Amino acid sequence: MGEARNRGVKKGSVEMADRKKSKEPESFYSRVTGEKDIQRADKILRSMEHGIRPVTSEGLNRVRKILQRQKRRQSRLFLASCILAGLLILVLLVSLIGSAIRRTSGGSAGNTSTNTPGTGTESVGTASSSSSVTPTAGAEPTSVLMSFTGDCILGTDENFIYDTSFNAAYDKNGAAWFLQNVSDTFAADDLTCINLECALTDRNTREDKEFAFKGDPAYTEILTDGSVEAADLANNHSHDYGDRAYDDTVDNLKGAGITPFGYDDVALYEVKDKNVTVGLTGIYELDDHLDCEDQIKTNIQSLKDKGADIVVCAFHWGVELSDTPDENQVTLAHYAIDNGADLVIGHHPHIIQGIESYKGKYIAYSLGNFCFGGNTSPTETDTIIFQADITLDADRTVTGTSIKAIPCSITSDSSTNNYQPQLLTGDSAQATLQKLVTRSGQILTTEYYMDGVDLSQEELYDGTDGTMTPAETVLARQNGTDTGTDSAGTDTSGTGTTGTGTSGTGTAGTDTAVTGNDTSGADGTGTNG
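For the sequence shown, my numbering gives the first residue as 3, with consecutive numbering after it.
Here's what the structure looks like:
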């Protein structure tokens, strides 16, 4: 028993000694973290294996496992680092290749947009967004063709009769039907922008006002099918169902790939295949009037700071059904151009107002209605698609603008507004263009020019016989100071239905702007044209 006790004591002493001696390496291995620690651990392990450090076989195996685990961890970390480095190198190579391709081809096809509040905070405008484009050295001069329309109400007032409403037309004809007559025109440009005067929401939180318009969120398909890329929301109907419905509208447009903008939210639209960025800002003038000058200046500067090559400033302003811009409109339009806008577009009067050229930049004061669900019998059904073709040099500096007015009707049904705009031709087109010319002559400035079909800075379209007439002649006729020259003889009365002159013949219905305004000569006898 004594021997057994001695063996037991000895065995216990050895185990205690083993645990004591193996405590250092085991605790050390448990905190191995770096290469130097592993090297030290290897040295300790070898000393244990050669008996220099006494340890039990169980302790030795345990230490070996700890060391192996730490080595595997180091190997995994090394492998992960290699993979990450490889990915970074791959991304860098792709970026360099993309830059080389852009330098060669001037950019890739497709457009993206980014919405940014005027204060500088950036938010994504569509599924693909981009910061501003930095002009590439050696880039070619280019031009950007943009189309603008009048007021669009894609929906109805809940108090309107359903059978004749916009919603009924949608349920009957589908989304693509509304803009099918003009979609080819929009598809051929670089950017099409509308003024959207309704909420696209499912909410029923109607504001307490006479007319409040909303449409189904699915109506965004009308715009995508029609090749519309941007929508101005700075108007008096975008909040008809409250702020949350307005936010719904913004989200629904973005979800459809359409760029919304307005108020303090400016937008950048990138024409990628031309390496040009268009800046868009919408100003609501009806509340602030001239007090919105600070917002105009801030928004334009924000767009320029973010890299906009072209700045378009859209206004909701003026007096409904007035065919002449008021003093505030003219003042703010000039102010916007003075502060860097390249183009000014106006909405709200629901009828066409004139076009002005100010310091070489164009102002379209009102484009009337377009795809308009707000009324089955509006005051005027004629309208225009206003196009601006802006040229830029290799440094992406605007060098010039040519404009075009495409005459349209807001309806393809002559008896009612069926909400389907169509292009006009023949006499109807000439009448709309003549109206545009006449109303442009009412603007209190002498620095405007048009030609009605391809508006330029040299000529105005007379709208009478298809010929081009020098601008000063048309203006004189509008002001009643021109003596008017017929093909043979000089007009002395000009009735507009029967041309009369000292000799020769007149043409029926061609002297519409000179009735009773000639100042010399007696009425001659002419032949009813």
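Positions of the beta carbon are idealized from the N, C-alpha and C atoms, including for glycine.
Here the structure is a predicted model, which means the values were calculated and not measured.
For the set D325, A258, A310, S240, the Cα lying nearest the Cα of I285 is the one of S240.
Ranked by how close their Cα comes to the Cα of S442, the residues G428, E358, T383 have E358 in first place. Taking a C-beta distance under 8 angstroms as the contact criterion, C373 and L156 qualify as a contact pair.
Look at V439 here: in three-state DSSP terms it is helix. Contact between Y337 and I298 is confirmed by a C-beta separation of about 6 angstroms, below the 8 angstroms threshold.
Per DSSP, the unbroken alpha helix (DSSP H) holding G257 starts and ends at 245–257. Look at the beta carbons and you see the segment 140–154 not touching the segment 207–220: under three pairs across the two are nearer than 8 angstroms. For I339, same chain residues with a beta-carbon under 7 angstroms away, outside a window of 5 residues either side, are V346, Y360, K361, K363 in chain order.
Residue environment: D429 is assigned as exposed (fewer than 16 neighbouring CB atoms within 10 Å of its CB, all protein chains considered).
Counting the other CB atoms within 10 Å of its CB gives T279 a total of 16 or more, which places it among the buried residues.
Shown here, S149 sits in a strand according to DSSP, grouped into three states.
In this structure, the CA atom of F215 is about 24 angstroms from the CA atom of A269. In the three-state DSSP reduction, F80 falls in the helix class (H, G or I). Rounded to the nearest angstrom, the Cβ distance from F263 to I224 is 19 angstroms, too far for a contact under 8 angstroms.
Contact between D192 and K276 holds, since their C-beta atoms are separated by about 7 angstroms, short of 8 angstroms. Here DSSP, grouped into helix, strand and coil, assigns K363 to strand. For E160, the number of other beta carbons within 10 angstroms of its own is below 16, and it is reported as exposed. In this structure, the alpha-carbon of D245 lies about 12 angstroms from that of D253. Residue state for V230 is assigned as coil, using DSSP reduced to three classes. N175 places its beta carbon 8 angstroms or farther from that of T158. The beta carbon of H349 lies closer than 6 angstroms to those of D153, N197, H318 in the same chain, with the five residues before and after it left out.
Between Q432 and A220, the alpha-carbon positions lie close to 36 angstroms from each other. In this model, D266 and A87 are separated by some 42 angstroms (Cα to Cα). Taking 8 angstroms as the cut-off, the Cβ atoms of T403 and A390 count as close. Residues F188, T194, I196, I260 of the same chain have their beta carbon placed closer than 7 angstroms to that of V230, with the five preceding and five following residues left out of the count. Take the alpha-carbon of A232 and the one of N419: they are about 24 angstroms apart. Annotated as distal: V314 and G356, with beta-carbon spacing of 8 angstroms or more. The C-beta of Y164 has fewer than 16 other C-beta atoms within 10 Å across all chains shown, which makes the residue exposed. DSSP places N371 in the strand class (E or B) of the three-state scheme. S185: member of the alpha helix (DSSP H) spanning 185–189, first to last residue.
One alpha carbon belongs to L147, the other to T434, and they sit about 22 angstroms apart.
In this model, I353 and A335 are separated by some 18 angstroms (Cα to Cα). For I302, the closest C-alpha among the options N341, V273, D290, G228 is that of N341. Under the three-state reduction of DSSP output, E287 falls in the helix class. Annotation: V400 to T283 spans about 18 angstroms, alpha carbon to alpha carbon.
In the DSSP assignment, no residue is bridged to L235.
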